[in-house]
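**Student:**
Residue numbers (my numbering): 46 to 142.
1. So, with DSSP's three-state summary, where would you put residue 121?
2. Considering only residues of the same chain and omitting the five flanking positions on each side of residue 131, which have a CB-CB separation below 7 Å?
3. Starting from residue 47, follow the alpha helix (DSSP H) in both directions and report where the run begins and ends.
4. Can you list, in chain order, the residues of its chain with a C-beta nearer than 8 Å to that of residue 64? Leave out the 5 residues immediately preceding and following it.
5. Going along the chain, which unbroken runs of the alpha helix (DSSP H) with 4 or more residues stay wholly within the segment 82-142?
6. Below 8 Å, how does it come out for the segment 114-123 and the segment 90-101: are there three or more Cβ pairs, yes or no?
7. What's the C-alpha gap between residue 78 and residue 105?
8. Can you tell me whether residue 73 is buried or exposed? The criterion is at least 16 other CB atoms within 10 Å of its CB, across all chains shown.
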């Protein structure tokens, strides 16, 4: 799971960064280390994180706020709709369902 998630993040950096900015602006990260790593990922790009930073960020920060597949049709949930699927609609569905 971690390897695939990291690959998705690195291949879609601007979409991922926008999502992380929403998480930060709504105070979703309670862990100071995760918040610091999030800011570094935004500032320098997620591809520049160390292996340890990746592990901490994914395990302690991102996984509670990440749904890769729609619960209805199993299509990928785009980063741009993930916040809505988790926090606004609370249905974990893609924008087409």
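Glycine is no exception: its CB is placed at the ideal position from the N, C-alpha and C atoms.
**Tutor:** If we stick to the structure as given:
1. DSSP places residue 121 in strand when its eight states are reduced to three.
2. Taking residue 131 as the centre and dropping the five residues before and after it, the same chain places the C-beta of 110, 112, 137 closer than 7 Å to its C-beta, in chain order.
3. Residue range 47-56 is occupied by the alpha helix (DSSP H) that includes residue 47.
4. Only 124, 125, 127, 128 meet the Cβ criterion.
5. Correct list: 96-101, 124-128.
6. No, the segment 114-123 is not in contact with the segment 90-101.
7. Taking the straight line joining both Cα atoms gives about 9 Å.
8. Residue 73 should be labelled buried.
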